[in-house]
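Participant: Structure below; questions to follow.
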Amino acid sequence: MVLEPTMRVIPLLLLAIMSACAGPRAVQPASGPVAVKIIALNDFHGALEPPKLAVPARGSSGEEVQVPAGGAAHLASAVARLKATNPNHLVVSAGDLTSASPFVSSQFLDEPTVLAMNLIGLD
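Read in order, the letters of the sequence shown correspond to residues 69 to 191 in the numbering used here.
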């Protein structure tokens, strides 16, 4: 059976028209303002392990306490606490995640730092 050239084109045109009609549903706009928390960090420098120091901070009753700080685990827990306060958040870095890294990160071309930032949820 031989089809005319116009008969061969009709199925392709129908397919194109149906494909053009298919698509994602329109997203409904938010009913009001949406609060977004931006969690920003910089100058991590591949500091995966915590330093052997603490920083002074104010305790709940106003007294000065020494708080261990630094390292990927401490950063991950701090970011997780901040994420828990608002489901709409971005975790961003202003830079220097890997430059001047300690040996534990630089010996593997800073891949451990990249992995740690991915696990922390850096957007």
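A virtual CB, placed ideally from N, CA and C, is assigned to each residue, including glycine.
Would you say residue 105 and residue 153 are within 9 Å of each other, going by their C-beta atoms?
Facilitator: Here residue 105 corresponds to residue number 37 of the sequence shown, with the count starting at 1. Here residue 153 corresponds to residue number 85 of the sequence shown, with the count starting at 1. Contact flag set, yes.
Participant: Please specify which runs of the beta strand (DSSP E), each continuous and at least 3 residues long, are wholly inside the segment 74-143, giving them in chain order.
Facilitator: 105-109, 122-126, 132-136
Participant: Could you spell out the range, first to last residue, of the beta strand (DSSP E) harbouring residue 161?
Facilitator: The residue labelled residue 161 in the question sits at position 93 within the sequence shown. 157-161 is the extent of the beta strand (DSSP E) around residue 161.
Participant: State the Cα-Cα distance for the pair residue 170 and residue 112, rounded to the nearest angstrom.
Facilitator: As a working note, residue 170 is residue 102 in the sequence shown. As a working note, residue 112 is residue 44 in the sequence shown. Spanning the two alpha carbons is a distance of roughly 11 Å.
Participant: Quick one, which of 177, 136, 174, 187 has its alpha-carbon nearest residue 159's?
Facilitator: In the sequence shown, counting from the first residue as 1, residue 159 sits at position 91. When each option's Cα is compared against that of residue 159, the closest is 187.
Participant: Within this structure, are the beta carbons of residue 144 and residue 184 separated by less than 9 Å?
Facilitator: Sequence index remark: in the sequence shown, residue 144 carries index 76 (1-based). Sequence index remark: in the sequence shown, residue 184 carries index 116 (1-based). Yes, Cβ-Cβ distance for residue 144 and residue 184 is below 9 Å.
Participant: Does any C-beta atom of chain D lie closer than 9 Å to the C-beta of residue 92?
Facilitator: Judged by its chain identifiers, the structure shown contains no chain D, having just a single protein chain.
Participant: CB-CB under 6 Å to residue 140, same chain, minus the five flanking residues each way: which ones, in chain order?
Facilitator: By 1-based counting over the sequence shown, the position of residue 140 is 72. Cβ neighbours of residue 140 beyond the five flanking positions: 116, 184.
Participant: On the three-state DSSP scale, how would you describe residue 176?
Facilitator: Taking the first residue of the sequence shown as 1, we reach residue 176 at position 108. The answer is coil: DSSP assigns residue 176 none of H, G, I, E or B.
Participant: Under 9 Å, do residue 118 and residue 138 count as touching if we go by C-beta distance?
Facilitator: Residue mapping note: residue 118 aligns to position 50 of the sequence shown, counting from 1. Residue mapping note: residue 138 aligns to position 70 of the sequence shown, counting from 1. Yes. Within cutoff.
Participant: Where does residue 145 fall in DSSP's three states?
Facilitator: What you label residue 145 is simply residue 77 of the sequence shown in a count that begins at 1. Reduced to three states, the DSSP call for residue 145 is helix.
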